[in-house]
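Quick notes on the structure that follows.
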Amino acid sequence: MDIEEPKKVRLYPQENGVHAIRPRKYHLRIMPKINEILRFSAILRMEIEVSQDGLDEVYIHSKNLQYSSIKLLTSDGEIPGEIFEADDYEKFTYKCSFFTSEAGERYIFEKGSYTILFEYEGDIVEKDSGFYACVDPRFTKKHFNSQSMTFTRAYIECESNEELKESLIENSVVCSTLEPVECRSIMPCFDEPVHKAIFSVEVMVYNKHHIAISNSPVAQIEEIEEGRLYKFEDTPLMSTYLLCIIVGKFDYLEDTIEDRISTRVYTPSGLAELGRFFLEMATKALRFYEDYFDIKYPLKKLDLVSLHSMHVRAMENWGCITFFCENFLMDLQSESSKTVIRSSRTICHEISHMWFGNLVTMEWWTDIWLNEGFARFMEFLALDEIHPEFHVWDQFINDVFTSGISQDRGYRSHPIEINCKSPDDIDSIFDSISYAKGSAIIRMINAVMGEKNFQQCISKYLSLYKYKNTRTKDLWKVLEDGSSGSDGQTSQDSKVDVSFMDQWTKTKGFPIISIIREISDENSQKFTVIQKSCHRNDIENLWKIPLNYITSSGITGDLILTERMEVITLPIPESDIIKFNHNSTTFCLIDYDPDYQESLLNASATLSIHNRLGLIEELSLIYKQKDRSSLNKYCVEMLKSIYETSFSEQASNYYLYNSLCSMLGVSLLNDYIPLIALQNNESNESFNSQIHIEKRLNFFQKHFAELFHSCDGFNTNETEYLKCQLIGTLAPWLLFITKDQTAIDQCKEILLRVIEKIVTSDPSKYVNEFITSIQSDIRPCVYIGGILSKDETIEKALISYYKNHRETLMDKGYFTELNSLCIALLFCSGQESLKIRSSVIKDVDINEASLITYIHISKHILNDFVDKTFRHEATFKDIEIQTRNFLVVSNKLNVNFSYTPEPLEYFTQITDKYQERKEEIDEKVEFSLEGTQQLCYDLSNANAQRKYNSERAMPEIIELSDFIE
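Numbering-wise, UniProt numbering puts 681 at position 681 of the sequence shown, and it's gapless, one number per residue.
Okay, here's the thing in structure tokens:
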């Protein structure tokens with residue numbers, strides 16, 4: 001039997017340090033046409049360097065491009081060529097051959113420089129990656145009442161209205177997102193990170209309202225008969241996935257740094273002011289990184305371009321970072337502080353890539369963590385310097401450390417350095433291992449080396465490899481060599497052995513360290529320390545573990561663990577309790593013996609917030625498969641102690657507070673959902689469980705109300721970010737579960753005050769009064785609380801706000817405000833609200849609602865869609881989107897939607913109506929019956945799993961109730 005040879009993946013890998021062929025420069029002229037065809041044509045001159053005699057083919061990457069001409073340009077003239085698919089390589093690899101005679105004699109390359117000329121065409125796609133088109137949702141919302149319409153669909157909807165078609169084209173954008181391997185869909189190229197080249201880009205713009213943006217500054221705009229040709233300056237040496245080309249209508253804000261760097265935020269037309277905060281953020285981040293890395297930003301400009309459609313939050317194209325605009329265009333008065341912090345992190349993340357990833361790039365995708373792990377670490381470092389009031393290092397433990405641990409212990413775990421054998425494997429490694437675990441490993445090295453030494457070594461690494469490619473071993477070499485002093489010589493004191501880090505990046509999983517105190521006296525404590533892998537079937541791995549500690553009296557120390565079991569004696573008196581893994585700097589979990597854990601938990605009040613948070617998160621992860629009774633009891637006690645402190649102290653405990661609530665299963669829904677399900681079950685067992693759950697809920701209702709009232713509730717005028725987040729977290733619970741009348745009355749009072757001010761003010765300031773008068777974190781709940789107060793004046797005012805200012809909110813990009821308003825209106829019951837309910841439901845993005853709010857509106861939203869379907873008013877696209885939303889939120893909740901209509905029964909009703917109506921359905925309706933059926937099956941399976949998990953959790957719920965008085 002013949003065994004098929006594995007196909008080659010990489011083009012011209014290095015042999016003896018040299019690539020047989022590599023690109024030097026791409027001269028690209030691209031002409032994208034935004035019309036009914038959505039095509040582009042292009043001319044590319046590719047300069048290559050050949051380092052080996054006797055080659056007669058040039059291998060390149062190409063995807064869905066149609067070539068009209070391929071020529072080799074030589075001093076003797078043009079040599080015609082042909083392009084063929086390379087059967088011995090992975091897909092989208094082609095070989096170019098050139099023929100010196102009609103007999104088909106191939107041109108033989110000698111060492112030297114050559115230029116190949118390609119003329120070709122390709123498709124502008126509509127899938128959010130590659131070279132794609134998207135439409136401003138304000139336009140489609142206004143004309144077609146849809147925020148998610150493709151250009152092609154919108155163009156068809158315009159029918160014979162030529163003026164509307166012109167307006168559609170004006171409000172459309174063509175842009176590129178090419179990571180990891182989509183540059184081949186815009187131009188033939190060597191589409192691998194190691195093949196860096198210079199790009200000289202020219203872009204043809206046909207619409208008078210549009211401009212072109214690329215990686216480099218505009219060198220010249222040439223007016224020609226068909227439009228304008230934008231010619232850009234040459235880029236530095238860079239990898240293909242960093243190329244960026246954008247054509248569309250934009251406004252911008254601009255700043256400069258020392259007359260060297262122009263920083264701009266490009267926004268859709270009319271939304272420039274919503275980018276001001278991030279322009280300031282970008283400028284500060286750029287300055288921070290220049291100082292930290294001690295390397296000047298190498299380009300003349302940095303653009304931040306907001307796009308209406310992306311499959312990722314942002315993309316770090318060199319000099320031209322792109323962002324999904326709904327996450328980044330914001331009026332600080334209309335957005336929650338949580339959103340502001342999350343988006344600020346992303347800005348810092350992407351700008352750090354200008355050094356880590358762009359200036360120095362991984363050689364192959366195996367080392368993607370060198371890009372993403374570093375960028376995730378640096379985003380926290382930079383943001384903590386720029387906005388210390390955000391307390392982002394506490395968030396690191398909540399979001400990053402815990403996320404990395406959770407994925408690394410699961411069945412989908414993989415080493416940080418994972419061999420990508422095919423381009424199809426690349427997307428799968430953009431996950432929590434590369435981002436979260438990668439950044440936690442970097443943070444661990446930073447702690448081992450010391451911040452200053454680490455910083456100097458990173459600067460040295462970037463300087464040594466700028467405009468080059470690296471592998472993980474190159475980083476280790478620089479870190480081991482240490483940093484240089486002021487005399488340029490390496491100090492012996494700066495050298496740190498980090499060779500052991502190889503195991504942390506080449507092995508999946510992490511160590512769980514068991515700590516058992518054996519003997520203690522007034523002078524010392526003796527421990528037995530045992531390490532094992534988090535994966536039960538892994539009995540081979542033995543880590544070298546840097547482990548620090550802090551005591552209840554503030555003494556710190558460092559250890560290096562090298563044995564599977566070892567005994568350590570620390571000169572710490574018995575009365576001083578030791579917390580190992582100080583600040584959670586080591587990527588591991590600590591499993592204390594029960595007696596010592598009890599002592600540590602009792603003494604935890606002496607620890608910093610950072611260490612208390614780390615302790616709770618670590619113990620939570622350790623105890624997932626264990627008896628949690630002692631830990632649950634401690635969490636309840638700690639919550640009680642938080643409630644008893646002043647509110648300013650409570651706000652500083654925000655991340656700890658959230659972790660405690662999350663661990664106990666009371667954050668928003670995990671108790672409330674089983675309670676709803678149990679209320680419909682008359683068995684004695686369910687009745688007893690319901691009593692226990694209600695007992696547990698009463699405890700938190702009482703303390704939530706006390707905490708809320710202690711801070712003057714919704715009337716707070718504070719602008720502290722953590723305090724605002726805490727109030728925003730409490731509010732939905734108070735409104736929906738405790739039905740706290742004080743909270744509802746406060747909402748009513750605030751809204752009546754705002755309404756009175758609006759009545760007596762300039763009508764043009766209507767929107768501004770609502771947004772500026774109520775703090776952004778609490779505004780969604782104030783609207784809902786006002787409606788729940790049953791006050792007719794409030795209901796009429798909010799309905800009027802929606803009906804008369806909906807388009808203003810969309811035009812100004814206040815999508816979050818519009819969504820908050822719509823969610824509140826779904827709680828109205830008057831006749832006027834019913835008239836607009838259909839429109840309101842279409843405007844709601846349920847993924848943006850708090851989960852507990854969603855629970856209260858989900859059932860009637862679904863029923864409304866079923867009802868509309870039976871009345872032939874809902875398109876099947878609407879129903880498909882709604883079904884998808886239910887699946888997304890169901891997975892978010894991790895609970896059982898046992899009280900909503902059964903998805904498969906619902907689907908059967910839909911399909912029956914579909915069969916009755918299919919002759920009426922317009923072919924333009926984009927509805928996939930098969931896709932919707934699969935979503936319903938998925939949702940049903942998810943529900944079954946949720947129910948199973950809920951039943952297994954009942955004993956623990958009953959157990960915990962014993963600790964709550």
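Glycine is no exception: its CB is placed at the ideal position from the N, C-alpha and C atoms.
Under the DSSP definition of a beta bridge, SER520 partners with GLN525. In this structure THR140 is not in contact with CYS183, their Cβ atoms being roughly 29 angstroms apart against a cut-off of 8 angstroms. With a threshold of 16 other beta carbon atoms within 10 Å, MET501 meets it and is buried. Per DSSP, the unbroken beta strand (DSSP E) holding PHE40 starts and ends at 39-50.
Assigned with DSSP and collapsed to three states, LYS231 falls in strand.
Taking a cut-off of 8 angstroms on C-beta distances, the stretch 364-379 touches the stretch 435-453, as three or more cross pairs fall below it.
Annotated as proximal: MET330 and LEU274, with beta-carbon spacing under 8 angstroms.
In the DSSP secondary-structure assignment, ARG264 is bridged to GLU254 and ASP303. Contact between HIS610 and TRP365 does not hold, since the beta-carbon distance rounds to 34 angstroms and is not under 8 angstroms.
Residue state for PHE510 is assigned as coil, using DSSP reduced to three classes. Pairing VAL174 with CYS96, the inter-Cα distance amounts to about 29 angstroms. Of all C-beta pairs linking the stretch 396-411 to the stretch 580-590, three or more are shorter than 8 angstroms, placing the two stretches in contact.
According to the DSSP assignment, MET31 belongs to no alpha helix (DSSP H) but to the beta strand (DSSP E) extending over 21-33. Its chain contains ASP255, ALA282, THR283 and LEU302 as the residues whose beta carbon lies nearer than 6 angstroms to that of THR263, once the 5 sequence neighbours on both sides are disregarded; these appear in chain order. The count of Cβ pairs closer than 8 angstroms, one atom from the stretch 304-315 and one from the stretch 463-475, stays below three, leaving the stretches out of contact.
Under the DSSP assignment, ILE774 falls outside any alpha helix (DSSP H); it carries neither an H nor an E label.
Setting aside the 5 residues that flank it on each side, GLY509 is surrounded in the same chain by ASP408, ARG409, SER413, SER533, CYS534, HIS535, ASP538 and ASN541, each with a C-beta closer than 8 angstroms to its C-beta; the list follows chain order. Every beta strand (DSSP E) of 3 residues or more that sits fully in the stretch 122-147 is shown, in chain order, as 130-135.
In this model, LYS33 and ILE169 are separated by some 10 angstroms (Cα to Cα). At the C-beta level, SER185 and GLY122 come within 8 angstroms of one another.
Under DSSP, ALA314 shares a beta bridge with PHE323. Counting along the chain, PHE293 sits inside the alpha helix (DSSP H) bounded by residues 276-293. PRO546 has ILE560 as its beta-bridge partners, per DSSP.
Here LEU242 is not near SER176, since their CB atoms are 8 angstroms or more apart. Just so you know, the alpha carbons of LYS127 and ASN819 end up roughly 25 angstroms apart. The Cβ atoms of VAL181 and ASP191 sit closer than 8 angstroms to each other.
Counting along the chain, the unbroken alpha helix (DSSP H) around GLY404 starts and ends at 402-408. Here the alpha carbon of HIS61 sits roughly 6 angstroms from the alpha carbon of PHE92. The Cβ atoms of SER344 and HIS387 sit closer than 8 angstroms to each other.
Comparing alpha carbon positions, the residue from PHE770, LYS757 and ASP777 closest to ILE727 is ASP777. One Cα belongs to ALA42, the other to ASN64, and the distance between them is close to 13 angstroms. Only exposed fits ASN145, as fewer than 16 other CB atoms lie within 10 angstroms of its CB. The secondary-structure analysis by DSSP pairs LYS338 with nothing; it has no beta-bridge partner. Contact between the stretch 319-326 and the stretch 143-158 is absent: fewer than three C-beta pairs spanning the two stretches fall below 8 angstroms. A straight line joining the alpha-carbon of HIS19 with that of LEU601 spans about 59 angstroms.
By the beta-carbon neighbour count (other beta carbons within 10 angstroms, threshold 16), TYR26 is buried.
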